[in-house]
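Notes to accompany the following structure.
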Amino acid sequence: MADDALAPLVAAHLQKKSIVADERLPAICGLFKDRCDTTVALANWAAAFYADVSASEAGRAQHVTDAVRPAIATLADKLASVAWDKAAIASAIKEVLAAHSLKMPALAMPVRVLVMGTSQTPSLDAVLSLFSRETILKRLREA
Numbered sequence: 131m132a133d134d135a136l137a138p139l140v141a142a143h144l145q146k147k148s149i150v151a152d153e154r155l156p157a158i159c160g161l162f163k164d165r166c167d168t169t170v171a172l173a174n175w176a177a178a179f180y181a182d183v184s185a186s187e188a189g190r191a192q193h194v195t196d197a198v199r200p201a202i203a204t205l206a207d208k209l210a211s212v213a214w215d216k217a218a219i220a221s222a223i224k225e226v227l228a229a230h231s232l233k234m235p236a237l238a239m240p241v242r243v244l245v246m247g248t249s250q251t252p253s254l255d256a257v258l259s260l261f262s263r264e265t266i267l268k269r270l271r272e273a
């Protein structure tokens, strides 16, 4: 189903949670629809873009470690000044990986936990680009 056709169906489920969707919803649907069997499941993913998310203590303990906190801080600093699009975010992530001698999962999983509350999401740069810069910086600085 097309992203624009899915969006109103997902918006109806979000409304039941007192969440009002915005113009990002079709793109959110496009990013997550392959992971979902129902519009309810898709709405559950989409909710993280509209409501406060907090990582579980277990998720934080497992992924947001002292070893990766400096890289998360560097990423927050870089994201504060880059253009807010997928390509610029991807470039910032790659710079942080190189600067801290990390592989993608070592940084991506903790960032996903902080941003989405789960260590598994679609492409990190695509996910981050659908949030506001302010939301991402706030969630990363909570590390």
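Mapped onto our numbering, the consecutive letters of the sequence shown carry residue numbers 131 to 273.
Where is the CB? At the ideal position from N, CA and C, for every residue including glycine.
Note on M234: under 16 other CB atoms within 10 angstroms of its CB, so exposed under the neighbour-count rule. Ranked by how close their Cα comes to the Cα of P240, the residues A185, V170, L144, D215 have A185 in first place.
Taken in chain order, the complete alpha helix (DSSP H) segments of 4 residues or longer contained in the stretch 146–184 are 155–162, 169–177. Check the Cα spacing between H230 and each of D164, L270, P200: the tightest is with P200. Remark: C-beta atoms of S259 and I219 approach each other more closely than 8 Å. The alpha-carbon of D134 is positioned some 5 Å away from that of P156. Along the stretch 191–248, the alpha helix (DSSP H) occurs as fully enclosed runs of 4 or more residues at 199–209, 216–229, 234–246, listed in sequence order. Secondary structure note for T265: its alpha helix (DSSP H) is the uninterrupted segment 263–271. Restricting attention to E153, E225, W175, the CA atom closest to the CA of K163 is found in W175. If you draw a straight line from the Cα of L161 to the Cα of D196, it is about 31 Å long.
In the structure shown, the three-state DSSP call for A135 is helix.
Note that the C-beta distance between A173 and V140 is below 8 Å. Residue environment: R165 is assigned as exposed (fewer than 16 neighbouring CB atoms within 10 Å of its CB, all protein chains considered).
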